[in-house]
Amino acid sequence: MHETHCHSRYSGDVDKQKGGTIDDLCRQAVNIGLESIAVTDHLEIQQIMGNIFPPLDNEGIFKDITKAKEKYKGVLEVVYGVELAQACHDLEKTDNILAKYKYDYIIGSVHAVRGFPDFSDMEYSAVPDRILKHAWELYVSELEELADWGNIDTLAHITYPYRYFKRHGRENLINLFEKGRKYFEPILRKIIKKGIALEVNTSGLWQDTGISFPHNDLIMFYKELGGKMVTVGSDAHYPGDLAKCIPQTYSVLKDLGFETVITFRERKPVFHKL
Ligand SMILES: [Zn+2]
Ligand SMILES: [Zn+2]
C-alpha cells in the first residue's frame, strides 16, 4: 500500500504538539506496513490564511526528508512531495520555489479562489447563495487553469469545497451528484491529455462527508474518458490517520476496472498493480 498525501508538523494547519515529524510519519508507515509514503506539506502560494499558513520551512523539510530517505532505505520508500496550493495565483513565486527544490512529486491543489478565503475558513452564514455559487464556479475554473499550467503530477481532491458546503447545509447549491460530470469534464480531459494523475483523496470517507474527493461517479467518468493514472492518499495530518480508508478505496478502484495505482519518483510515474 502507498500513502501519497499526508502532512507533518511542518504544515501550518497541523498542531505542533500532536503533529508528527517526518520521521514519526515514516515510523508509523513502517508499523502499518506501507511500501511508500509521500510527505506532502502545505505550500500555499498565496498566503490567504497568513496566520494558519506561515511560510513553509522548505530547508527543514528537505533536510528531514533526505535523512529519512537514507534511514528507511530498503524498508520504506520515502517520497519528497509537496502540496502546492493556488500555484496560479503567483506563478513567478511558484516557479522560483519549484526551481529551487527538486521534489519527487507535486500535488496540485486549490483551497481558495481569488477574492475569497480558503473554503475551510469561509464565514458561510455571511455568504449569500449567489456569491457562494460564484465561488464554486471560480473553483472549477481555477482547477482548469491549474491543469492548463500543468506543472503538477496529480490533481488533488477535486470537489474539495463540497465538504464545507455540506457541513454548512449548502450542498444543494451545486448539485454535485447530478452535475458533477458536467462541471469536471473539461478538467478531466485536460489532465488525461497531459499525463497528470487524478488524486482520490480518502479524507471525506474517514471524516464527515461520506464520499472520497472526487466521489465514485466522477472516478468512473475519468475512466470512461480514458484516464488510467490514479493516486490515492488519506490527507492525514497526524500519524495515527495515515492510510485511513486507502484499502477500501483500492477495492473500489478495482471494481471500477482500474488495474494500477501510481506513485511518483523524481516526477515520473511508477505503476503498482492493485
Ligand atoms: Zn489540500
Ligand atoms: Zn493535504
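Residue numbers (my numbering): 9 to 282. For every residue, glycine included, the Cβ atom is placed at its ideal position computed from N, Cα and C. Note that the structure is a prediction, hence the values are computed from the model and not measured.
Please report the distance separating the alpha-carbon of residue i from that of residue j.
i, j, result
"Glu67", "Glu100", "20 Å"
"Leu64", "Asp126", "17 Å"
"Trp104", "Lys71", "Trp is not the amino acid found at residue 104; the sequence shown has Asn there. About 19 Å."
"Thr74", "His50", "18 Å"
"Val208", "Tyr132", "26 Å"
"Thr162", "Pro136", "32 Å"
"Tyr111", "Phe185", "35 Å"
"Glu153", "Val90", "19 Å"
"Ile195", "Gly235", "12 Å"
"Ile114", "Arg122", "22 Å"
"Asp98", "Thr257", "34 Å"
"Asp156", "Ser149", "10 Å"
"His176", "Val260", "28 Å"
"His119", "Ile199", "19 Å"
"Ala107", "Ser44", "25 Å"
"Phe124", "Phe229", "29 Å"
"Met130", "Thr217", "17 Å"
When every heavy atom of ligand 2 is checked, does at least one fall within less than 7 Å of the C-beta of residue i?
i, result
"His13", "yes"
"Glu207", "no"
"Glu52", "no"
"Asp126", "no"
"Thr48", "yes"
"Asp243", "yes"
Go to residue i, then tell me how far its alpha helix (DSSP H) extends in each direction, as first and last residue.
i, result
"Lys79", "Asn66 to Lys79"
"Thr102", "Leu99 to Lys108"
"Ser149", "Asp137 to Trp157"
"Tyr230", "Asn224 to Glu232"
"Tyr172", "Pro169 to Arg175"
"Asn39", "Ile30 to Asn39"
Ligand 1 heavy atoms versus the CB of residue i: any closer than 7 Å?
i, result
"Ser117", "yes"
"Ala164", "yes"
"Glu78", "no"
"Glu150", "no"
"Glu91", "yes"
Quick one: what's got a C-beta closer than 7 Å to residue i's C-beta in the same chain, skipping five residues either side?
i, result
"Glu267", "Lys281 and Leu282"
"Thr12", "Ala46, Thr239, Val240, Gly241 and Thr271"
"Phe173", "Glu179, Leu181 and Ile182"
"Ala251", "Met9, Glu11, Ile40, Leu42 and Ser242"
"Gly158", "Lys202 and Ile204"
"Pro247", "Gly28, Asp32, Leu33 and Gln36"
By Cβ distance below 6 Å, which residues in the same chain neighbour residue i in space, the five residues on each side in sequence not counted?
i, result
"Ile219", "Gly212"
"Thr102", "Ile53 and Ala95"
"Val22", "His15 and His245"
"Tyr80", "Cys34 and Val86"
Hey, quick one: how far does the beta strand (DSSP E) through residue i stretch, first residue to last?
i, result
"Lys252", "No beta strand (DSSP E) contains Lys252, which DSSP labels as neither H nor E."
"Tyr277", "In the sequence as displayed, the identity of residue 277 is Pro instead of Tyr. Unbroken beta strand (DSSP E) run through Pro277: Lys276 to Lys281."
"Cys14", "His10 to Cys14"
"Ser44", "Ser44 to Val47"
With a CB to CB cut of under 8 Å and the five nearest residues on each side skipped, what residues in its chain are close to residue i?
i, result
"Lys231", "Leu264, Gly265 and Phe266"
"Asn180", "none"
"Lys77", "Val86 and Tyr88"
"Leu226", "Ile166, Thr167, Gly188, Arg189, Phe192 and Leu196"
"Gln215", "Arg171"
My guess is that residue i and residue j are in contact by the Cβ rule of under 8 Å, so how many angstroms apart are they, rounded?
i, j, result
"Pro62", "Gly28", "With a Cβ gap of about 19 Å, Pro62 and Gly28 do not count as contacting."
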